[in-house]
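Residue 534 in our numbering sits at position 319 of the sequence shown, and the numbers go up by one each step.
Every residue gets a Cβ at the ideal spot worked out from N, C-alpha and C, and that includes glycine.
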Amino acid sequence: MNELENIKELFEERITSVNDLNELNAIRVDFLGKNGHLTTCMKLIKDLSNEEKKSFGENVNKLKTLVLERIEEKKEYLEEKEIRAEIDKMPNVDLTTPSGDKRGSLHPVTIVQQKLIDIFRSMGFTVEDGNEVETEYNNFEAVNIPKHHPARDMQDTFYLSNGQVLKTHTSASQNRIMKKYGAPLKAIFPGRCFRNEELDASHENTFFQMEGMMIDKDVSISNLIYFMKTMLSEVFGKEVNVRLRPGFFPFVEPGFELDSSCPYCGGKGCRVCKNSGWIELCPCGMIHPNVLEMGGIDPNEYQGFAFGLGLSRLVMMTYGFDDIRHLNGKDLNVLSQTKVK
Ligand code: PHE
């Protein structure tokens, strides 16, 4: 009995003065470990009479519970103390200060992208993710731009030392998506693209596009026009007209530049449409048979359209940004315009 009192006293002494977690662990080992005081006590039980066994056993267990509880308590206390010490070392930031009207907002590109995703989802399109680092094959060959073809010059490409490229357009995902789903398919795939541009107000090395594809039997240019007109009318919140002009892209035949009637002046002419009444928004066309074939889809059975919406451009128009570089910048006055519109 006396032995237990001694152990308790010793424990109290040590647990009161313990100052860090290592020391606490040492106490745990000294009292509860294989050769710890309490473990050794337990071993004495077998030499006691039956009566003594009962009360001694009970007392050892009581002490053991107490020791465990106190160690646990102390552990919580010391852990918190360590965290506090870490925080004190950090620069003085008052996390409880009210944010005033400087609250964060979604990035304009995210807002417009989410809106487009909602629109296309409602029309039965799936939303796909694409890689930012791509194989040359997916970025070029698979969309009918063979090695050394002059069309490669249309896109000033960042080549990586391992032979891969930073995706120059979202079309780089076409092949993978065709192989994933086969025909028929309806998919959109927004993504960040990279080109080695001379930078100015309308050229950035990093920008966003949103590509779409619809492949089925009997898909025609009328389907393309219908989906583009519906999508743009939704985006602008009013009925717009679209028109097609011829455009060259090796992965579509025929290929077009799609213009929308200017949603701001209704086609009369204004600053946004440079008085033409039309805004150029979306290259598109009927998917080239070679591209379908490379995607494992039989061009004699299926046709499809593809479009590559200039998402960054659309965002600039929507929010009236006059410089594309704002989109990758950090000027909150510019970015927070999202709260106004
Ligand atoms: N990938 C083309 C570009 O970035 C755009 C495009 C996409 C054209 C789909 C036609 C069809 O220039």
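{"Item": "The ligand PHE and M369: does any heavy atom of the ligand fall closer than 8 Å to the residue's C-beta?", "Value": "yes"}
{"Item": "Could you name each continuous alpha helix (DSSP H) segment of 4 residues or more that falls completely within the region 380 to 419, going from the start of the chain to the end?", "Value": "389 to 396"}
{"Item": "If you draw a straight line from the alpha carbon of T341 to that of V324, how long is it in whole angstroms?", "Value": "19 Å"}
{"Item": "Tell me whether P323, by its Cβ, gets closer than 8 Å to a heavy atom of the ligand PHE.", "Value": "no"}
{"Item": "Going by the C-beta, is E351 closer than 8 Å to any heavy atom of the ligand PHE?", "Value": "no"}
{"Item": "Do N411 and T350 come within 9 Å of each other at the CB atom, strictly closer than that value?", "Value": "no"}
{"Item": "Which word fits L473, buried or exposed, when buried means at least 16 other C-beta atoms lie within 10 angstroms of its C-beta?", "Value": "buried"}
{"Item": "Assuming F404 and E426 make a contact with CB atoms under 8 Å, what is their CB distance in whole Å?", "Value": "5 Å"}
{"Item": "List the residues that DSSP assigns as beta-bridge partners of F520.", "Value": "M429, M501"}
{"Item": "Am I right that K239 and L293 are in contact with their C-beta atoms under 8 Å? What's the rounded C-beta distance?", "Value": "The question names Lys, but residue 239 in the sequence shown is Leu. Correct: roughly 6 Å between the Cβ atoms."}
{"Item": "Between which residues of its own chain and N456 is the CB-CB distance below 8 Å, once the five residues before and five after are set aside?", "Value": "K444, S475, S476, G482"}
{"Item": "Taking the alpha-carbon positions, what's the S337 to G452 distance?", "Value": "16 Å"}
{"Item": "Taking 8 Å as the limit between beta carbons, can you name the residues of its chain near V555, skipping five residues before and five after?", "Value": "Any reading at V555 must be qualified, since the residue scores a pLDDT of 41, below 50, and its modelled position is unreliable; the value itself is stated next. So no residue of the chain qualifies."}
{"Item": "How many angstroms separate the CA atom of G492 from the CA atom of I502?", "Value": "29 Å"}
{"Item": "Between M531 and the rest of its own chain, which residues show a CB-CB distance below 7 Å, the 5 nearest in sequence each way excluded?", "Value": "I539"}
{"Item": "Tell me the rounded alpha-carbon separation between T312 and P306.", "Value": "15 Å"}
{"Item": "Taking 8 Å as the cut-off, is the CB of G500 close to at least one heavy atom of the ligand PHE?", "Value": "yes"}
{"Item": "Give a yes or no on whether the C-beta atoms belonging to K289 and V233 are separated by under 9 Å.", "Value": "yes"}
{"Item": "Just to confirm the assignment: which complete alpha helix (DSSP H) runs, minimum length 4, are found wholly within the region 318 to 382?", "Value": "323 to 337, 351 to 354"}
{"Item": "Measuring only the C-alpha atoms, how far is N353 from D513?", "Value": "19 Å"}
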